[in-house]
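A.B. asks: In the working numbering, the protein residues as written are 910 to 1015. Quick reminder that beta carbons are idealized off the backbone N, C-alpha and C, glycines included. Note that the structure is predicted; figures quoted are calculated from it, not measured. The structure that follows is given in the form of structure tokens.
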């Protein structure tokens, strides 16, 4: 059974920011379109197997509750919710401190 993919408002904003950066800062609108489409395609790919994404663990080995998939330099962090829903919380550039972004104040 296919899971439903649901993006948080913040994840949608992340995708918009990725698009804007590539289109306006790098001056490459076609790459912006392709990158965002490819990230979303990668996320869609987990609909059949939501547990296939890597588990995100804290340094002490405890499970954070998140899984993630990688597309080039980007990480899409998601949680598997009841009723077959994959909830994408954030899409973050891999060079950023994503643990601090996902868990502020930790």
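Do you know how far the Cα of residue 947 is from the Cα of residue 912?
C.D. replies: Looking at the backbone, the Cα of residue 912 and that of residue 947 are separated by about 19 Å.
A.B. asks: Would you mind giving the Cβ-Cβ distance between residue 983 and residue 963, rounded to the nearest angstrom? I have them listed as a contact below 8 Å.
C.D. replies: Cβ-Cβ separation between residue 983 and residue 963: approximately 14 Å, too far for a contact (criterion under 8 Å).
A.B. asks: On the DSSP letters alone, give me the boundaries of the beta strand (DSSP E) that residue 915 sits inside.
C.D. replies: 913-916
A.B. asks: Does the beta-carbon distance from residue 997 to residue 985 come in below 8 Å?
C.D. replies: yes
A.B. asks: What residue does the alpha helix (DSSP H) around residue 939 start on, and which one ends it?
C.D. replies: 938-953
A.B. asks: Less than 8 Å between the beta carbons of residue 987 and residue 975, yes or no?
C.D. replies: yes
A.B. asks: Quick check on the burial criterion: 16 or more other C-beta atoms within 10 angstroms. Buried or exposed for residue 999?
C.D. replies: It counts as buried.
A.B. asks: What does DSSP give as the partner residues of residue 972 in its beta bridges?
C.D. replies: 966
A.B. asks: Suppose you measure from the CA of residue 966 to the CA of residue 929; what does that come to, to the nearest Å?
C.D. replies: 30 Å
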